[in-house]
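Chemist: Encoded as structure tokens, here's the structure I'll be asking about.
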Ligand code: GCB
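Numbering (my numbering), first residue to last: 5 to 602.
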């Protein structure tokens, strides 16, 4: 799916701004959205609505909310094809144009679009209403906990009064995951235009034959016309040209895309079809898992980076370009080279920044929270087809980004309560994902701290990605015992002969809380924790990456284990470094991106 661009043949009308907004009061049933109903309070688009109004309902709302705006297409665009594009509406959207339902979309982190050419006339004003549902359950990704149990705390205690109170209270969202369930129109809404005959999609894959890049391209064109493609290098020189909707091109002495501080070299593919044009940046690079190594351009890469979140004060999960630029700067500052889009696909703009800045991404679906019940979630949940749709859409959206080097199908599913069901589910999904990616990237999912001997499926992934909290959630505060336990587990993984990334490890830390003798929550403990674990990781050559949890503090559901959010950030929520950020900064600037542990 192509990101909207303005060029000689295409234009964009940005619908960002102040929309009218109202929370459903629960009296109108699902998806009620008449234009008269909607006049409400002011709401920013894009943004999460939760922190933008002091009424507590905004934060705790569970159900539908309605947005309304209006637009007019300029007459000058009358003859163009017009597409209404939503980059992300979280989690379920119904779109009404002048009162008529024109689209529905499930899933809160990927784009969807509607061709409105036949529905709108240039020069006329239209009303656009978007109904948004933030409810989560066993059929949604991320998953809600239908058992009525809060993610944190002992809400499940067998206390009659508590059980009665849970039945009595208003319907409430119970996330089976640890980040705030921010909702709303989280990413931009745009109308873009194309000519009548247009380029619908472009797929570019590259491989290398010594120093020559083989570039395979595929243009999905709608209508009649001639298709051509031109590859332009960074100096503006044409290095290859092709005719037809697909073909194979060669770039001699190709410059490769390398992670920073290497040169993340990008070529530009200018595709033309009839009157339409689209320019796409792409990189020439290879990715491969070989033995216990992860090779980029044939060289063993070491992942230094983080699990992140799209999260900031006021905006919530709303698209924030300023924050993305700041985050990239902090990633470079710390000497990191990668991150995982935990726990959902991020805004497309971030991937383009990472292409340009040479930052490697493990691209994750929103499949987080699969579990949380004593029953077999793979049997009682109804999420498989949605999971497949999300993977299809993710790959369709991100397939051309050189920064994306691996797909993560999800985070911390239950793989041990019913290990055979988990095996069947994830194995078949792995095959499904593999078959879809034209770029043939490695595929994985991220496993939680569990009985790794009982878990049958994690070891089957191309790269074993494990989240481990030795010394925090277990053996709490005892880093000697944590180190002992970690080593026992690493002995197990060593035998599997797979590359392993520690995709999460960390300790909640209150900035400014200092102790002479490190105990939990102090800045000194966070450093002790990481130094202890890193010492052990450094001894194992099959451990090919370290992703501390988390890049920055972030908001989550309130509960007895969280004071003002999850505080495991190396940075505070407003991106100030804790002491551990300085520790990693000096460590990572010493660790090479390639050939570490050789
Ligand atoms: C995890 C989850 C992550 C949590 C983290 C924590 O294993 O993957 O979403 O935020 O632990 O801090 O508990």
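Note that CB positions come from ideal geometry on N, CA and C, so glycine has one too.
Note that the structure is a prediction, hence the values are computed from the model and not measured.
Starting from the C-beta of residue 436, find all residues in its chain whose C-beta is less than 8 Å away, skip the five residues before and the five after it, and write them out in chain order.
Modeler: Taking the chain shown and counting its residues from 1, one reaches residue 436 at position 432. So the qualifying residues of the chain are 392 and 395.
Chemist: Please confirm if the region 119-132 is in contact with the region 8-15, defined as three or more CB-CB distances below 8 Å between the two stretches.
Modeler: The answer is no - the region 8-15 does not touch the region 119-132, with fewer than three Cβ pairs under 8 Å.
Chemist: Near residue 515, what residues of its chain come up, given a Cβ to Cβ distance below 6 Å and the 5 sequence neighbours on each side ignored?
Modeler: Position 511 of the chain shown, counted from the first residue, corresponds to residue 515. Closer than 6 Å at the Cβ level, and outside the excluded window around residue 515, lie 576 and 582.
Chemist: Residue 150: which of 384, 398 and 64 sits nearest, CA to CA?
Modeler: By one-based count along the chain shown, residue 150 stands at place 146. With distances taken between Cα atoms, residue 150 lies closest to 384.
Chemist: So, is residue 189 buried or exposed, given that buried needs 16 or more other C-beta atoms within 10 angstroms?
Modeler: Counted from its first residue, the chain shown places residue 189 at position 185. Buried is the call here.
Chemist: Are there three or more Cβ pairs, one per stretch, closer than 8 Å when the region 590-600 is compared with the region 203-213?
Modeler: Output reads no: the region 203-213 does not touch the region 590-600.
Chemist: If you count every other CB in all the chains shown that lies within 10 Å of the CB of residue 352, and 16 or more means buried, which is it?
Modeler: Here residue 352 corresponds to residue number 348 of the chain shown, with the count starting at 1. Result: buried.
Chemist: What is the residue span of the alpha helix (DSSP H) that residue 58 lies within?
Modeler: Start at 1 with the first residue of the chain shown, and residue 58 comes out as number 54. No alpha helix (DSSP H) contains residue 58, which DSSP labels as neither H nor E.
Chemist: Is the beta carbon of residue 181 within less than 7 Å of some heavy atom of the ligand GCB?
Modeler: Residue numbering aside, residue 181 sits at position 177 when the chain shown is read from its first letter. Yes, the Cβ of residue 181 comes within 7 Å of a heavy atom of the ligand GCB.
Chemist: Which residue from 225, 258, 368 and 265 puts its Cα closest to that of residue 247?
Modeler: In the chain shown, counting from the first residue as 1, residue 247 sits at position 243. When only C-alpha atoms are compared, the closest one is 225.
Chemist: Helix, strand or coil for residue 222 per DSSP?
Modeler: Along the chain shown, read from residue 1 onward, the residue named residue 222 stands at position 218. Strand at residue 222.
Chemist: For residue 16, does the three-state DSSP call read helix, strand or coil?
Modeler: By one-based count along the chain shown, residue 16 stands at place 12. DSSP places residue 16 in strand when its eight states are reduced to three.
Chemist: If you drop the 5 nearest sequence neighbours on each side, which residues of the same chain put their C-beta closer than 6 Å to that of residue 545?
Modeler: The residue labelled residue 545 in the question sits at position 541 within the chain shown. Counting only Cβ-Cβ distances below 6 Å, and skipping sequence neighbours, we find 601.
Chemist: Starting from residue 85, follow the beta strand (DSSP E) in both directions and report where the run begins and ends.
Modeler: Residue 85 sits at position 81 when you count from the first residue of the chain shown. That run of the beta strand (DSSP E) goes 85-90.
Chemist: Along the chain, where does the alpha helix (DSSP H) that runs through residue 491 open and close?
Modeler: Residue mapping note: residue 491 aligns to position 487 of the chain shown, counting from 1. Note, residue 491: alpha helix (DSSP H), 483-500.
Chemist: In whole angstroms, give me the CA-to-CA distance for residue 543 and residue 186.
Modeler: Taking the chain shown and counting its residues from 1, one reaches residue 543 at position 539. Taking the chain shown and counting its residues from 1, one reaches residue 186 at position 182. Approximately 40 Å between the Cα atoms of the pair.
Chemist: Curious, which full-length alpha helix (DSSP H) runs of at least 4 residues does the region 418-479 contain?
Modeler: DSSP runs (the alpha helix (DSSP H)) wholly in the region 418-479: 423-440.
Chemist: How far does the beta strand (DSSP E) with residue 109 in it extend, from its first residue to its last?
Modeler: Taking the chain shown and counting its residues from 1, the one referred to as residue 109 is at position 105. Where residue 109 is concerned, the enclosing beta strand (DSSP E) stretches over 104-110.
Chemist: Do residue 278 and residue 241 have their CB atoms nearer than 8 Å?
Modeler: For the purposes of this step, residue 278 is identified with residue 274 of the chain shown, where counting begins at 1. For the purposes of this step, residue 241 is identified with residue 237 of the chain shown, where counting begins at 1. No.
Chemist: Considering only the alpha carbon of each residue, which of 503, 337, 523 and 498 lies closest to residue 479?
Modeler: Here the question's residue 479 lines up with position 475 in the chain shown. The option with the nearest alpha carbon to residue 479 is 523.
Chemist: Is the Cβ-Cβ distance between residue 408 and residue 367 less than 8 Å?
Modeler: Counting from 1 along the chain shown, the entry for residue 408 is found at position 404. Counting from 1 along the chain shown, the entry for residue 367 is found at position 363. For residue 408 and residue 367, yes; Cβs fall inside 8 Å.
Chemist: Between residue 551 and the ligand GCB, is the CB less than 7 Å from at least one heavy atom?
Modeler: Residue 551 sits at position 547 when you count from the first residue of the chain shown. No.
Chemist: Can you confirm whether the region 331-346 touches the region 58-67 when touching is taken to mean that 3 or more C-beta pairs between the two stretches lie within less than 8 Å?
Modeler: With a cut-off of 8 Å, the region 331-346 and the region 58-67 do not count as touching, because too few Cβ pairs lie within range.
Chemist: Helix, strand or coil for residue 100, going by three-state DSSP, please let me know.
Modeler: To locate residue 100, count along the chain shown from 1; it is residue 96. In the structure shown, residue 100 sits in a strand (DSSP, three-state: E or B).
Chemist: Can you tell me whether residue 566 is helix, strand or coil according to DSSP?
Modeler: Position 562 of the chain shown, counting from 1, holds the residue named residue 566. In the structure shown, residue 566 sits in a strand (DSSP, three-state: E or B).
Chemist: May I ask you to verify whether the region 297-310 touches the region 161-174, counting CB pairs closer than 8 Å and requiring at least 3?
Modeler: With the cut-off at 8 Å, the region 297-310 and the region 161-174 do not touch.
Chemist: Sort 404, 372, 386 and 182 by Cα distance to residue 419 and report the nearest one.
Modeler: Here residue 419 corresponds to residue number 415 of the chain shown, with the count starting at 1. For the residues 404, 372, 386 and 182, the minimum Cα distance to residue 419 belongs to 372.
Chemist: I'd like to confirm the pairing. Which residues does DSSP put opposite residue 200 in its beta bridges?
Modeler: What you label residue 200 is simply residue 196 of the chain shown in a count that begins at 1. Answer is none; residue 200 lacks a bridge partner.
Chemist: Can you list, in chain order, the residues of its chain whose CB lies under 6 Å from that of residue 217, leaving out five sequence neighbours each side?
Modeler: The sequence position of residue 217 within the chain shown is 213, counting from 1. Cβ within range, chain order: 210, 255, 258 and 288.
Chemist: Measuring only the C-alpha atoms, how far is residue 608 from residue 8?
Modeler: With the chain covering 5 to 602 only, the question about residue 608 has no answer from this structure.
Chemist: Near residue 201, what residues of its chain come up, given a Cβ to Cβ distance below 8 Å and the 5 sequence neighbours on each side ignored?
Modeler: Taking the chain shown and counting its residues from 1, one reaches residue 201 at position 197. If we look at residue 201 and ignore the five residues flanking it on each side, its Cβ neighbours are 225, 226, 227, 228, 229, 277, 278, 279 and 280.
Chemist: Going by the CB atoms, is the gap between residue 578 and residue 570 shorter than 8 Å?
Modeler: For the purposes of this step, residue 570 is taken as residue 566 along the chain shown, with counting starting at 1. For the purposes of this step, residue 578 is taken as residue 574 along the chain shown, with counting starting at 1. Not closer than 8 Å, so no.
Chemist: Can you check whether the CB of residue 560 is closer than 8 Å to the CB of residue 184?
Modeler: As a working mapping, residue 184 is identified with position 180 in the chain shown. As a working mapping, residue 560 is identified with position 556 in the chain shown. Yes; because the gap between Cβ atoms is below 8 Å, this pair is in contact.
Chemist: Taking residue 96 and residue 26 to be in contact with their CB atoms under 8 Å, please state how far apart those CB atoms are, rounded to whole angstroms.
Modeler: Against the chain shown, residue 96 aligns to sequence position 92. Against the chain shown, residue 26 aligns to sequence position 22. Going by Cβ atoms, the distance from residue 96 to residue 26 rounds to 17 Å, so no, they are not a contact pair.
Chemist: Tell me whether residue 52 sits in a helix, a strand or coil according to DSSP, three-state version.
Modeler: Taking the chain shown and counting its residues from 1, the one referred to as residue 52 is at position 48. Coil, per DSSP.
Chemist: For residue 271, name the three-state secondary structure that DSSP assigns.
Modeler: As a position in the chain shown, residue 271 is number 267, starting the count at 1. In the structure shown, residue 271 sits in a strand (DSSP, three-state: E or B).
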